Amino acid sequence: DAVEPQGILLSHAGHTAAWALDLGHVPEHVAPILQQADLIVVEANHDRERLIKQAPYTWPVKNRILSDTGHLSNLQAAELLLQVGSDQRPRSVWLAHLSERANDNPAGVVRIIKGILDISGISLMRLAVAERDRPSVAWHSDITFHQASLVDM
Numbered sequence: 002d003a004v005e006p007q008g009i010l011l012s013h014a015g016h017t018a019a020w021a022l023d024l025g026h027v028p029e030h031v032a033p034i035l036q037q038a039d040l041i042v043v044e045a046n047h048d049r050e051r052l053i054k055q056a057p058y059t060w061p062v063k064n065r066i067l068s069d070t071g072h073l074s075n076l077q078a079a080e081l082l083l084q085v086g087s088d089q090r091p092r093s094v095w096l097a098h099l100s101e102r103a104n105d106n107p108a109g110v111v112r113i114i115k116g117i118l119d120i121s122g123i124s125l126m127r128l129a130v131a132e133r134d135r136p137s138v139a140w141h142s143d144i145t146f147h148q149a150s151l152v153d154m
């Protein structure tokens with residue numbers, strides 16, 4: 002939740018990682034920045050319907066979460082990843098800041114977002130969930146997908 006959220010883009014030895022959390026909405030300059038990254042950490046905070054109908058939050062809290070200064074829904078995260086993945090470059094994506102009260106289980110969130118990406122022909126993103134309460138993912142630049150050349154040069 003931030004009026005002016007901050008993102009982080011780190012590069013070292015030819016590899017780049019980007020973090021984009023507490024966005025609320027996706028300004029048009031964000032996807033091109035994330036396209037530079039081999040690893041992207043982005044929030045997939047809530048399922049909009051579940052937040053509205055089932056989450057045990059007051060309406061002011063729900064409205065804040067849904068606002069442009071709140072959090073990205075699963076669908077908004079998927080839409081951002083569609084933009085980022087349009088270059089068909091291999092990368093790893095960690096879905097972060099999943100709400101325990103207003104979202105599906107982590108495997109369900111991955112399934113939903115992966116399904117949207119697959120339908121759109123974006124298949125080179127490796128999705129995982131960064132759990133909120135324990136170490137759960139590790140990234141090494143050597144596990145990013147690489148397409149071997151089809152033609153010897």
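Start counting the sequence shown at 2; every next residue gets the next number (my numbering). All residues carry an ideal CB built from backbone N, CA and C; glycine is no exception. Here the structure is a predicted model, which means the values were calculated and not measured.
{"Asked": "Gly116 in three-state terms, based on DSSP", "Found": "helix"}
{"Asked": "Beta-carbon contacts of Arg127 that lie in its chain and below 6 Å, excluding the five residues immediately before and after", "Found": "Ser93"}
{"Asked": "Supposed close pair His72, His47 - CB separation, criterion 8 Å", "Found": "6 Å"}
{"Asked": "Any 3 or more C-beta pairs closer than 8 Å across the stretch 112-130 and the stretch 80-91", "Found": "yes"}
{"Asked": "Secondary structure of Asp105, DSSP reduced to three states", "Found": "coil"}
{"Asked": "Ile114 versus Ala14: straight-line alpha-carbon distance, rounded", "Found": "30 Å"}
{"Asked": "Residue closest to Lys54, alpha-carbon to alpha-carbon, out of His98, Asn104, Gly25 and Gln84", "Found": "Asn104"}
{"Asked": "Coil, strand or helix - Trp140 by DSSP", "Found": "coil"}
{"Asked": "Reduced DSSP category for Met154 - H, G, I as helix; E, B as strand; rest coil", "Found": "In this prediction, Met154 scores a pLDDT of 48, lower than 50, which makes its location untrustworthy; the coordinate-derived value is nonetheless stated afterwards. Reduced to three states, the DSSP call for Met154 is coil."}
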